[in-house]
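Trainee: Read left to right, the sequence shown gives residues 16 to 99 (this note's numbering).
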Amino acid sequence: MDNRRYCRKCLMQDMGGQEQFFADLKAYIEAIAPEDRTPEASYAERLQRCRECDYLEQGMCRACGCYVELRAARRTQHCSYNHW
Ligand code: SF4
């Protein structure tokens, strides 16, 4: 049994012990066509806003149920609460 505890403010990339899941998530993000992908600086800014948001819980947004790293990676997506 995995007894590690994670801060609810963690992104998936900040949590250990879920390497395969994060590898799959990362591969999915990298497969997004460049023209559809959020530019790197904007992506980092979006994720920082998620880190500071009360709705973030273990990589998921409790407002919309998405994995924020995936949602933020698509240029046309937006935060349900207009944080980005
Ligand atoms: S997508 Fe928006 S509401 Fe959800 S965790 Fe990120 S900033 Fe918060």
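We put the beta carbon where it would ideally sit given N, CA and C, even for glycine.
(1) DSSP has L71 in a bridge; who is on the other side?
(2) Give me, in chain order, the residues of the same chain whose beta-carbon lies closer than 8 Å to that of R64; leave out the 5 immediate sequence neighbours on both sides.
(3) At what residues does the alpha helix (DSSP H) containing Q63 begin and finish?
(4) What is the DSSP secondary structure of R86, reduced to helix, strand or coil?
(5) Going by the C-beta, is A78 closer than 7 Å to any heavy atom of ligand 1?
(6) Residue range of the alpha helix (DSSP H) that A38 falls in?
(7) Just to confirm, is the Cβ distance from L40 to L85 under 8 Å?
Mentor: On the basis of the coordinates in this document:
(1) For this step, residue 71 is matched to residue 56 along the sequence shown. In DSSP, L71 forms a bridge with C76.
(2) Taking the sequence shown and counting its residues from 1, one reaches residue 64 at position 49. If we look at R64 and ignore the five residues flanking it on each side, its Cβ neighbours are C94, H98 and W99.
(3) Reading the sequence shown from its first residue, position 48 is the one you call residue 63. Unbroken alpha helix (DSSP H) run through Q63: E55 to R66.
(4) To locate residue 86, count along the sequence shown from 1; it is residue 71. The answer is helix: DSSP assigns R86 an H, G or I state.
(5) Taking the sequence shown and counting its residues from 1, one reaches residue 78 at position 63. Yes, since a heavy atom of ligand 1 falls inside the 7 Å radius drawn around the Cβ of A78.
(6) For the purposes of this step, residue 38 is taken as the residue at position 23 of the sequence shown. Looking at the DSSP string, the run of the alpha helix (DSSP H) that includes A38 is E34 to E45.
(7) As a position in the sequence shown, residue 40 is number 25, starting the count at 1. As a position in the sequence shown, residue 85 is number 70, starting the count at 1. Yes, Cβ-Cβ distance for L40 and L85 is below 8 Å.
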